[in-house]
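Below: one structure, written as structure tokens.
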Amino acid sequence: MKIHQQFDLNLNALNPKGFHDIPRAINEVPVLVERMINELLEKGYIVIESSAKFMGVPQSITIIKDFTGPFVTQFSLKTKEDFKAVSRALGIERLFE
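Quick note: the sequence shown, position 80, residue 209 per our numbering, numbers continuous.
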């Protein structure tokens, strides 16, 4: 069974009032999102970015993992936890919901 979870861009997290150095934030956030995607790929997820972007950041990211066995429903929570852990480690945990 393939389990997927979609995370939508939180536009409030990109609010210019939340950044002290806007040019740096505009340059760093897309790089951090790319690092997050690469880390999720290393964990064995399939990552799909929406083609629509906002300030270089995809408006949604869907992560997919193939699971088999009776505990498939428990892995849905693991998918969310992995996404949040990786994004939190990069300091962009509020960027996607």
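C-beta: ideal position from N, C-alpha, C; glycine also.
- Distance check between M184 and each of I190, T208, V158 and E178 places V158 closest, using alpha-carbon atoms only.
- Residue burial is scored here from C-beta neighbours: M165 has at least 16 other C-beta atoms within 10 angstroms and is therefore classed as buried.
- Minimum Cα-Cα distance from R223 among the listed residues V162, N156, H133 and K131 corresponds to V162.
- As summarised for the region 147-201, the continuous alpha helix (DSSP H) elements at least 4 residues long and confined to that stretch are 151-171, given in chain order.
- In the three-state reduction of the DSSP assignment, L224 falls in the coil class, being assigned neither a helical nor a strand state.
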